[in-house]
Amino acid sequence: MTLSADNRVSELVTAPSRSRAAARWPWSGGTPAGRFIGLTLLALLLAFLTVYPLSMLLYGSLHSTPPGAAGVFNLDGYRDIFTQRNLLVLLNTVGISLAKTVPSVFLAVFLAWILARTDTPFRGSLEVLVTLPFFIPPILTAMAWGMLGNPQVGLLNQLYQGITGSTTSPINVYSYGGVIWHMTQYAVPFLFLLIVDAFRAMDPSLEEAARMCGATRLRTFFTVTLKLMLPALTGATILSFMRGIENFESPLFFGSPANIHVITTDIYDSINQRSPPQYQYATAISFVIMALMFLIILLQWGLLRGRSFQTVTGKGYSPAVMKLGKWRWATFAFCVLFFVITVVLPVGQLLIGSFFKFFGFYEWDMLTLDHYREVFGSGEFWHGFRNTMLLGFMGATLTMGLGGIVAYISVRTRWRGRRLIDAMAWLPWMMPGIVLGVGFLWGFALLPHAIPIYGTIWALLLAYISLGTPLSVRVMSSAYAQLSFDLEECSRVHGASWLQTMQRIMIALVWPSFAVGWVLVFFGIMRELSASVLLYSVDSEVLSVVLLKLWANGNAEQVSVIGLLMMAMVIVFRWVQLRVIRKWVGAL
Amino acid sequence: MLKTIKALALIALFAATTVPASAQDASWDDVVAAAKKEGKLVLYNMSAGAPYFQAVVKSFEQKYGISVDSLDLRASELVERIRTEQSAGRFLGDTEIVSTTMIEEQLKNGDFIQKLPQIPNAANIRPPFKVTDYSAPAYVQPMGILINTRLVKDADIPTSWNDLTDPKWKGKLLSDDMRPLGSGNTLFAILQKTMGAEFNEKLAEQKPVFSRDIRNDARRIARGEYPVYITQVFALASDLKGLPVKVVIPKEGAPYAQMDMAMLKSAPHPNAARLFMQHFLSVDSQLAYANGWMLPVVQAAADKADADAKPFANAKLIGPAQLSERPGMMALARKLYP
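Read top to bottom, the protein sequences are chains P and H. Note that the working numbering numbers the first sequence so that position 216 is 216, with each residue one more than the last. Note that the working numbering numbers the second sequence so that position 100 is 688, with each residue one more than the last.
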């Protein structure tokens, strides 16, 4: 029924049979007519969510004025891009993104291996803790690291000077290092979350086989473990690299004072800091970025083509972990160190600061609970919170559902058009968020008035689904790529219907990935600002807009209270995900 | 006969002065009644829920029983949202409170706002502020110098903008970025005009450090990262009482940005919009702004301001920056700060 471990290791290099089962099993796609209708509807939905707002932006890039305003078609926006300065800015952007992605991948892989494949103590708790930085609003960590690492009075520099007696300040967050560090802090948990379940789901017999054949632990890790992780790893790395290109807060806060410019700050300036806003330039440069990103995705498709990465098979296996002996305390210490540096240091600042009148002024007479009272007594906060919860739950569930369908078709079938659907689902992540928000505004506002989307909460929901779809598709694609086709075959042989097979095999086995993706999309919705601020109405104000207003009014301490609340929610969500859902899945 | 003529003349004079007033009152009562009937106002603004703004909105709602839907957005988002909505035939907003230059741009780029109806309280507006055909001044946002009182000795406190060019401040000045649009460039443009071109050149030699987070800058000064912040909007320091910082108004005056009110084209609640503008220009509303260290456009409010707010409510102003000069000023700032 299934290949042996050794066979499957060799299949990694040779097997071309990615979608054999789907080709052999006509039930997986229903009738050809039904399949065609289903695919068409899916394509139309994706076109509305992704292609439509992008088409508005394309119009903006080719027209001298934004949609709805009198102007002429020209290529001025594209012509303005090709300057020597922009080339340098592009190289700078790519360099910074690479500089944060490469070490982040290593760190994330190492952490995932430690927490999923070894007997490191307290790994359950550590798994929740190391992911926390991802969920803190970047503006808060920027403020915290500004307090910790500024060269004049930064706490870390003062500590160094106190210990060494030196007068120099070795840490300066307002530098390339600061930009990369701030981005890395978000990239590591993001990558970790995307790959850890792929590590966990892997049949250890594959590694055991390599070890029995004489491979060292290191060789086994690189030649078996890591290679089997390729779909998850390359997908996550590309997403992380794209996020690096599109990152905005880190270069704005830490790069601008040091004259470090990247594409997103350039785009931000051309929209928000020019008079009048240069939408044609902003959208044109975004399409150039999009083209570059598409090349990267093609590279990934080329890299994975013709290979099989199925590690979850019908053959029973024990999810045994590697015994590290005394080294398990070293891996434990590594995780704790990561947690201390990325969470305790900045969040400690936020936590302590939230109990004082002002951040950084820790005097007894400034101790207060006012910030908590103000936040929890604010009608606006609760209104935004309710809306965000509603949109978060609906948005994350629908996004993951859509992502699951797209991923299934893309990975487990050979249907014509699957590549197109997969590519459409990628689109929103290829466009910088600050520009895409404008695309949604133009797109939804210019719809016929009979379609009641603009100015309602549904505009936000659709934008969130669109923005979350690339992530959901990647998460689910990685999960499906690991499932052996024999599982479906076996289910069918034993008389299960297609629906039962989907429910008991295909959904149940990818449920952990679904849950991780759900949490990521949910908190992505909680943090999303670029589209929210352009689409919200009074009745549909969301938490990110409330946070923006609080920040703009100088209430950084109240923003921290909400940031801490979001972190508490993350801990609860992750706990539920890791404990309850897995128990339920185990019982299936 | 002469007496009769005089009496008739007096009656005519009395009628000439009183009838229009009562007619005006009557017609204004009609506006109030119509506004109440409309029952709602959609207000686009950039106040981000500032407490003085919320106080004015709340007092309007309480006084007239008209609910206010306030949409707070940043400048560029606000302008684009209005433009897009109106281009799509979605006339959702009634009133906007934005900068004078944004209104100038709206008038230049399209047909987004309508002529201002008569607002009786516009008579309260003090010079040099004026009502135009399309907008009425709402409040003024001046900038001064923020110092850390622990790091700057009394003798060293700058009293003139020129004091910032003293070599002792080299590398010790924090500023909002002067190159893009914003407070930094507004200050740059106004000082270029009032202090002379040499001033900005000398200031650039001081190597001020630029920031892009205007709300965190005052706190960075308070924590001692830098002793001086160049572009301190008065109002953004009003909530820092208790911290070792002080806003200084240089003797030449404070560069400023003016915020105006305008009525959007095809406003669905035009009477409520008109009534809100009237309310905004009342002494009480302007006093709320004055006590939040925003400069009111009504003198009586400046006179009534709290003691700590009075210097800011009555600050000498320099400016404003002109829209037509903006591209040149942004280019010059990029040249001086490459």
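Virtual Cβ for every residue (Gly too), placed ideally from N, Cα, C.
Which residue comes first and which comes last in the alpha helix (DSSP H) that contains residue i?
i: Ala481(P); result: 457-482
i: Asn272(P); result: 263-272
i: Val572(P); result: 556-575
i: Asp657(H); result: Counting along the chain, Asp657(H) falls outside any alpha helix (DSSP H), though it belongs to the beta strand (DSSP E) covering 655-660.
i: Tyr59(P); result: 52-62
i: Asn859(H); result: 858-868
i: Ser854(H); result: Ser854(H) -> no alpha helix (DSSP H), and no H or E assigned at all.
i: Asn672(H); result: A small correction: the amino acid at residue 672(H) is Thr; Asn does not occupy that position in the sequence shown. Element bounds for Thr672(H): 663-675.
i: Val644(H); result: 639-652
i: Ile451(P); result: That residue, Ile451(P), is in no alpha helix (DSSP H); it is neither H nor E in DSSP.
Spatial neighbours of residue i within its chain, please: C-beta separation below 6 Å, excluding the five flanking residues on both sides.
i: Ala609(H); result: In this prediction, Ala609(H) scores a pLDDT of 46, lower than 50, which makes its location untrustworthy; no coordinate-derived value is stated.
i: Trp575(P); result: none
i: Val475(P); result: Ser513, Gly517
i: Gly681(H); result: Val630, Tyr632, Leu852
i: Met619(P); result: This structure cannot settle anything about residue 619(P), because the visible part of chain P is limited to 1 through 588.
i: Pro838(H); result: Ser748, Trp749
i: Pro26(P); result: In this prediction, Pro26(P) scores a pLDDT of 43, lower than 50, which makes its location untrustworthy; no coordinate-derived value is stated.
i: Ala855(H); result: Asp682, Ala861
i: Leu534(P); result: Gly437, Leu441
Can you list, in chain order, the residues of its chain with a C-beta nearer than 8 Å to that of residue i? Leave out the 5 residues immediately preceding and following it.
i: Leu226(P); result: Val109, Leu233
i: Met918(H); result: Arg767, Pro768, Leu769, Asn773
i: Pro121(P); result: Arg328, Trp329, Phe332
If you reduce the DSSP assignment to three classes, tell me which class residue i lands in.
i: Phe359(P); result: coil
i: Ile735(H); result: strand
i: Thr683(H); result: strand
i: Met847(H); result: strand
i: Val375(P); result: helix
i: Ser723(H); result: strand
i: Asn709(H); result: helix
i: Asp764(H); result: strand
i: Ile701(H); result: strand
i: Leu911(H); result: helix
i: Met917(H); result: helix
i: Asn157(P); result: helix
i: Ile906(H); result: strand
i: Leu324(P); result: coil
i: Ala842(H); result: strand
Count the other CB atoms within 10 Å of the CB of residue i; is the residue buried (16 or more) or exposed (fewer)?
i: His449(P); result: exposed
i: Tyr52(P); result: buried
i: Asp754(H); result: exposed
i: Thr167(P); result: exposed
i: Trp301(P); result: exposed
i: Ser748(H); result: exposed
i: Arg418(P); result: buried
i: Ala638(H); result: buried
i: Arg669(H); result: buried
i: Glu363(P); result: exposed
i: Ser477(P); result: buried
i: Arg862(H); result: buried
i: Thr216(P); result: exposed
i: Trp382(P); result: exposed
i: Arg527(P); result: buried
i: Gly867(H); result: At residue 867(H) the sequence reads His, which differs from the Gly that was named. By the neighbour-count rule (16 or more Cβ atoms within 10 Å), His867(H) is buried.
i: Thr83(P); result: exposed
I want to check one thing, is the minimum distance from the CB of residue i to the heavy atoms of the ligand MN below 7 Å?
i: Lys628(H); result: Ligands are entirely absent from the displayed structure, and the ligand MN is therefore not among its contents.
Give me, in chain order, the residues of the same chain whose beta-carbon lies closer than 7 Å to that of residue i; leave out the 5 immediate sequence neighbours on both sides.
i: Glu649(H); result: Ser655, Val656
i: Cys213(P); result: none
i: Ser256(P); result: Thr265
What span of residues does the beta strand (DSSP E) with residue i cover, start to end?
i: Leu345(P); result: Element bounds for Leu345(P): not the beta strand (DSSP E) but the alpha helix (DSSP H), 345-353.
i: Val835(H); result: 833-836
i: Lys628(H); result: 628-633
Considering only residues of the segment 64-148 of chain P, which uninterrupted alpha helix (DSSP H) runs meet the minimum length of 4 residues and lie entirely inside it, listed in chain order? 76-81, 84-117, 123-129
Quick one: complete beta strand (DSSP E) runs, 3+ long, within the segment 794-827 of chain H? 797-799, 816-821
In the segment 187-249 of chain P, which residue ranges form an unbroken beta strand (DSSP E) of at least 3 residues, counting only runs that do not cross its ends? none
Which runs of the beta strand (DSSP E), 3 residues or longer, sit entirely within the segment 365-435 of chain P? none
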